[in-house]
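Peer 1: Numbering of the sequence shown is given in UniProt numbering, commencing with residue 1 and proceeding in unit increments. Even for Gly, the Cβ is constructed at its ideal location relative to N, Cα and C. Note that the coordinates shown come from a computational prediction; the quantities given were computed from them, not determined experimentally.
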Amino acid sequence: MSDACCAADTPATTSSEAEDAAAPSAIWQVRELQAAAASGVLLLASLPASGMWATVLQLAALVTGAATFVPATVRALIRGRLGVGLLMTIAAVGAVALGEYGEAAALAFLFAIAEGLEGYAVARTQHGLRALLDLVPPTARVLRDSAEYEVAPADLRVGDVLLVRPGEKIATDGVVASGRSALDTSVVTGESVPVEVGPGAEVFAGTVNGAGALEVTVTATARDNSLARLVHIVHEAQERKGASQRLAERFARPLVPGVLVLAALVAGLGSLLGEPDVWIERALVVLVAAAPCAFALSVPVAVVAAIGAASKAGVLIKGGAAVEALGKVKIVALDKTGTLTRNEPAVIDVVAAPGSDRDHVLAVAAALEARSEHPLAAAILAAHPVPQTAGEVEAVPGNGLRGQVGGHPARLGKPGFVNPGSLAGEVSRLQDAGATVVLVEHDGTLLGAVAVRDEVRPEAAEAVAQLKRQGIEVVMLTGDNARTAAAIAAEAGITDVRAELLPADKARIVTELKARGPVAMVGDGINDAPALATAEAGVAMGAMGSDVAIEAADIALMGEDLRRLPDAIAHTRAARAIFTQNLLMSGAILITLVPLAAAGVLGLATVVATHELAEVLVIANGIRAGRRIHLPHHAALRAAARAHTAPQPAGRTLLPIATGAGGGGGTGDCTDGCCSPAAEESR
Numbered sequence: 001m002s003d004a005c006c007a008a009d010t011p012a013t014t015s016s017e018a019e020d021a022a023a024p025s026a027i028w029q030v031r032e033l034q035a036a037a038a039s040g041v042l043l044l045a046s047l048p049a050s051g052m053w054a055t056v057l058q059l060a061a062l063v064t065g066a067a068t069f070v071p072a073t074v075r076a077l078i079r080g081r082l083g084v085g086l087l088m089t090i091a092a093v094g095a096v097a098l099g100e101y102g103e104a105a106a107l108a109f110l111f112a113i114a115e116g117l118e119g120y121a122v123a124r125t126q127h128g129l130r131a132l133l134d135l136v137p138p139t140a141r142v143l144r145d146s147a148e149y150e151v152a153p154a155d156l157r158v159g160d161v162l163l164v165r166p167g168e169k170i171a172t173d174g175v176v177a178s179g180r181s182a183l184d185t186s187v188v189t190g191e192s193v194p195v196e197v198g199p200g201a202e203v204f205a206g207t208v209n210g211a212g213a214l215e216v217t218v219t220a221t222a223r224d225n226s227l228a229r230l231v232h233i234v235h236e237a238q239e240r241k242g243a244s245q246r247l248a249e250r251f252a253r254p255l256v257p258g259v260l261v262l263a264a265l266v267a268g269l270g271s272l273l274g275e276p277d278v279w280i281e282r283a284l285v286v287l288v289a290a291a292p293c294a295f296a297l298s299v300p301v302a303v304v305a306a307i308g309a310a311s312k313a314g315v316l317i318k319g320g321a322a323v324e325a326l327g328k329v330k331i332v333a334l335d336k337t338g339t340l341t342r343n344e345p346a347v348i349d350v351v352a353a354p355g356s357d358r359d360h361v362l363a364v365a366a367a368l369e370a371r372s373e374h375p376l377a378a379a380i381l382a383a384h385p386v387p388q389t390a391g392e393v394e395a396v397p398g399n400g401l402r403g404q405v406g407g408h409p410a411r412l413g414k415p416g417f418v419n420p421g422s423l424a425g426e427v428s429r430l431q432d433a434g435a436t437v438v439l440v441e442h443d444g445t446l447l448g449a450v451a452v453r454d455e456v457r458p459e460a461a462e463a464v465a466q467l468k469r470q471g472i473e474v475v476m477l478t479g480d481n482a483r484t485a486a487a488i489a490a491e492a493g494i495t496d497v498r499a500e501l502l503p504a505d506k507a508r509i510v511t512e513l514k515a516r517g518p519v520a521m522v523g524d525g526i527n528d529a530p531a532l533a534t535a536e537a538g539v540a541m542g543a544m545g546s547d548v549a550i551e552a553a554d555i556a557l558m559g560e561d562l563r564r565l566p567d568a569i570a571h572t573r574a575a576r577a578i579f580t581q582n583l584l585m586s587g588a589i590l591i592t593l594v595p596l597a598a599a600g601v602l603g604l605a606t607v608v609a610t611h612e613l614a615e616v617l618v619i620a621n622g623i624r625a626g627r628r629i630h631l632p633h634h635a636a637l638r639a640a641a642r643a644h645t646a647p648q649p650a651g652r653t654l655l656p657i658a659t660g661a662g663g664g665g666g667t668g669d670c671t672d673g674c675c676s677p678a679a680e681e682s683r
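(1) Pick out whichever of G406, V427 and I331 has its Cα sitting closest to the Cα of G416.
(2) Would you give the residue range spanned by the alpha helix (DSSP H) that L376 belongs to?
(3) Determine the burial state of V122: buried for a count of at least 16 other Cβ atoms within 10 Å of its Cβ, exposed for fewer.
(4) Please name the residue in D561, L583 and I578 whose C-alpha comes closest to that of G327.
(5) What separation, rounded to the nearest whole angstrom, lies between the Cα atoms of T478 and L265?
(6) One question on the structure: do E500 and A520 come within less than 9 Å of each other, judged by their Cβ atoms?
(7) Of the residues S298, A108, T389 and P194, which one's Cα is nearest the Cα of R624?
(8) Take E441 and list the residues in its own chain whose beta-carbon comes closer than 7 Å to its own, dropping the five residues that flank it on each side.
(9) Can the beta-carbon of L183 be found closer than 9 Å to that of N225?
(10) Taking G471 as part of the beta strand (DSSP E), name the residues at either end of that continuous run.
(11) Does chain D have any CB closer than 9 Å to the CB of E103?
(12) Per DSSP, which one or two residues make a beta bridge with A140?
(13) Which partner residues does G400 have in the DSSP bridge list?
(14) How far does the beta strand (DSSP E) with E441 in it extend, from its first residue to its last?
(15) As an exercise, report each continuous beta strand (DSSP E) stretch of at least 3 residues that is fully enclosed by the segment 274 to 353, in chain order.
(16) Reducing DSSP to helix, strand and coil, say where A54 ends up.
(17) Does the beta-carbon of R144 have 16 or more other beta-carbons within 10 angstroms, so that it is buried, or is it exposed?
(18) Please identify the residue among D554, V351, G622 and T592 whose C-alpha is closest to the C-alpha of Q581.
(19) Span of the alpha helix (DSSP H) holding A507?
(20) Across the segment 213 to 224 and the segment 162 to 173, are there enough close Cβ pairs to call them in contact, namely three or more that are closer than 8 Å?
(21) Comparing alpha-carbon positions, which option in G212, A213 and T217 lies nearest F204?
(22) Mark G603 as exposed unless 16 or more other C-beta atoms lie within 10 angstroms of its C-beta, in which case mark it buried.
(23) Given a cut-off of 9 Å on the beta-carbon distance, is the pair I488 and L340 in contact?
(24) Residue range of the alpha helix (DSSP H) that G425 falls in?
(25) Exposed or buried, which one is I555 when buried takes at least 16 other CB atoms within 10 Å?
(26) Exposed or buried, what is T445 when buried is set at 16 or more other beta-carbons lying within 10 Å of its beta-carbon?
(27) Please report the Cβ distance between R371 and V396, rounded to the nearest whole angstrom; I am assuming they are in contact, meaning their Cβ atoms lie under 8 Å.
(28) If we require 4 or more residues per run, which alpha helix (DSSP H) segments fall completely within the segment 574 to 623?
(29) Leaving out the 5 sequence neighbours to the left and right, which residues in its chain are closer than 8 Å to M585 when beta-carbon positions are compared?
(30) Skipping 5 residues on each side, what residues in its chain have a beta carbon closer than 6 Å to that of V303?
(31) Should H408 go down as buried or exposed, given a rule of 16 or more other Cβ atoms within 10 Å for buried?
(32) Could you name the residues of the same chain whose beta carbon sits closer than 7 Å to that of A243, not counting the 5 residues immediately before and after it, in chain order?
(33) Check whether the Cβ atoms of L557 and V450 sit closer than 9 Å, and answer yes or no.
(34) Given 8 Å as the limit, is there contact between the segment 270 to 287 and the segment 595 to 602, that is, 3 or more CB pairs closer than that?
(35) Keeping to the same chain, check which residues put their C-beta closer than 6 Å to that of T64; ignore five residues upstream and five downstream.
As structure tokens, then:
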């Protein structure tokens, strides 16, 4: 970890079991902080001691603390890199040369704390990437020379024919050669509704096959498929961020060589004027004066205070770089599924044909879906949880279901499989609102249409409005189709929509958006990981989000309330202002102390006392970052959200879609308008 903290330039390899095992899972497991604690105990023990014992304890504290950064500093110096660690090392050596062992130990103790606090997030960046590749099944069935073989995915060749049975994962990218099915593609595209595929359709590694058997012609090897590219994008973006987002190192680049040159000039030029012993001692005092104790603590103290306050409000921030990045954000890119929406498709409308009624439509639909494994079946059964028994139910791949309900033939499926007839206009309206529509037919008569959609979170419009009031531009990125994306964006109050995107497309668009200002990407799925890692600030949505998304992100919103995002941005802006004040204050102290020490105006005792006072001021100011948190609990809205997702009793009347911008369309208890922004404000 320290090597990374002291500007090591060797990039990490891809995620491995050794790396995952080495990464600390808790802050108290960080080696630097453990060493700092030991150093602090030794330093405290030296205070009541005297004579040789005091010196021994102080030197032991110095060695214990210095062990966390001196080896890495030497390695970085060999590679031609200068950092704060070098300045701290030289300052400690100078203090020892002047006989100030306690001051040297204090420098090592304080800097070990700073290294541990700031390096914790860096140590965790590689953890979790292996879970991406775990999405590929351990074996794949392939057809070669008219015989079926079971091989490892790594042994697949372009042109092989994969045999994919119902419920199995697809081992690599390919094109469907024969068969029809519905694929769960959420891992790759984020689309909440299963995608119907048939001959000629492109399929991706890690996606889950539905009820139909498929033969897939392989178009990419395991090394080059979509999941492998996703891992590469995440890893590459994390490496760039890990090497560039260390505040102290950025300030140290001009500071360290400047101080070294100044100390050399004081010793060299002063010696030419006579009394070399005086000028060499003065040069050592300059090095101690330039020791960036307050500087090194200025960011970590404020960051720890800010992170602690945010975590109590359900926002996990992974370090100083993340606080800085989120506090600078000018553009927020929001994923749709699971971020703006609940990722729980539900029946949002039932349209009955003339001569029928809603209950009859739902009853027939539920009877057929009760025998179906299609993911949309759960939504229909939630709307009609006690279906009657249907017989001879069979799936028509790519179209729908047919069977016997009440002794009469029945069908359910997409428009085209079942003729929409007089409901064609209603079907079009529902599809324009972003819903998936199935038509229900019984005994040769069209009964009606059922619309299923993943609904917008009730607080989404308010959260977007808050972001805009903060001067932040909001963009929606989704793998879903353009029609659904436009409808969801309209409800949330978003005008800039990018739809039908693959993970690499999201990462590319985030890169393009960076030209307009710092970008935060908010998502919850594995498919969002490349964009999360590419953005200046990656925000994972929800404690139930993908582990990979949470690892790739810099910030995790541990609750389901999207309004935590603008609150978190306001909090990090305040925290960033505080640690900027600390940096300026500690920098001003260095600028003042160093020339006065060089001129002989200040002696070692005054320099040490000033350093200690600066540290107290920096710590006191940094603690204020923990008092600038105002994230509300939004208990009333969470209760409304629970009401939305609660199972509906049999025969419950369903609401029509609200298609206006910011409307709270859905089912359940919104008949009184409780989910509208205006109603929420009135609460």
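Peer 2: Reading off the structure:
(1) That would be V427, whose Cα lies nearest to the Cα of G416.
(2) Its alpha helix (DSSP H) spans residues L376 to A383.
(3) For V122, the predicted structure reports a pLDDT of 45, less than 50, and the residue's modelled location is therefore unreliable. The matter cannot be settled from this model.
(4) It is I578.
(5) A straight-line Cα-Cα distance of about 59 Å links T478 and L265.
(6) Not in contact: E500 and A520 (Cβ atoms no closer than 9 Å).
(7) From the listed residues S298, A108, T389 and P194, the smallest Cα separation to R624 is found for S298.
(8) Leaving aside the five residues that flank E441 on each side, the residues in its chain whose CB is nearer than 7 Å to its CB run, in chain order, A410, R411, V418 and L447.
(9) No; because the gap between Cβ atoms is not below 9 Å, this pair is not in contact.
(10) Unbroken run through G471: none, as it is neither H nor E.
(11) Looking at the structure shown, chain D is missing, and only one protein chain is on hand.
(12) DSSP lists V151 as partners of A140.
(13) Beta-bridge partners assigned by DSSP to G400: V396 and G413.
(14) T436 to H442 is the extent of the beta strand (DSSP E) around E441.
(15) As far as the segment 274 to 353 is concerned, its whole beta strand (DSSP E) runs of at least 3 residues are 315 to 317, 331 to 335 and 346 to 352.
(16) Three-state result, A54: helix.
(17) Residue burial annotation: R144 is exposed, with fewer than 16 other C-beta atoms found within 10 angstroms of its C-beta.
(18) Among D554, V351, G622 and T592, the Cα nearest to that of Q581 belongs to G622.
(19) From DSSP, the alpha helix (DSSP H) with A507 extends over P503 to L513.
(20) Contact holds between the segment 213 to 224 and the segment 162 to 173, because three or more Cβ pairs, one in each stretch, are under 8 Å apart.
(21) Measuring from the Cα of F204, the nearest candidate turns out to be T217.
(22) Per the 10 Å Cβ criterion, exposed.
(23) Yes, these two residues count as a Cβ contact at 9 Å.
(24) Secondary structure note for G425: its alpha helix (DSSP H) is the uninterrupted segment A424 to D432.
(25) When all chains shown are included, I555 counts as buried.
(26) Exposed, by the Cβ-count rule.
(27) The Cβ separation is near 13 Å, so there is no contact.
(28) Taking only runs of at least 4 residues, the alpha helix (DSSP H) segments lying wholly in the segment 574 to 623 are 604 to 623.
(29) Apart from the 5 residues on each side of it in sequence, M585 sits with its Cβ closer than 8 Å to the Cβ of A294, S298, A614, L617, V618 and N621 in its chain, given in chain order.
(30) Once the five neighbours on either side are set aside, the close Cβ partners of V303 are G320 and V323.
(31) Classification for H408: exposed.
(32) Residue confidence is low: A243 scores 38 on pLDDT, short of 50, so the model does not pin down where it sits. Its coordinate-derived value is still stated next. In the same chain as A243, and ignoring 5 residues on each side of it, no C-beta atom comes closer than 7 Å to its own.
(33) In this structure, V450 does not lie closer than 9 Å to L557 by Cβ.
(34) Three or more Cβ pairs drawn from the segment 270 to 287 and the segment 595 to 602 lie within less than 8 Å of each other, which places the two stretches in contact.
(35) Correct list, in chain order: A35, A38 and S39.
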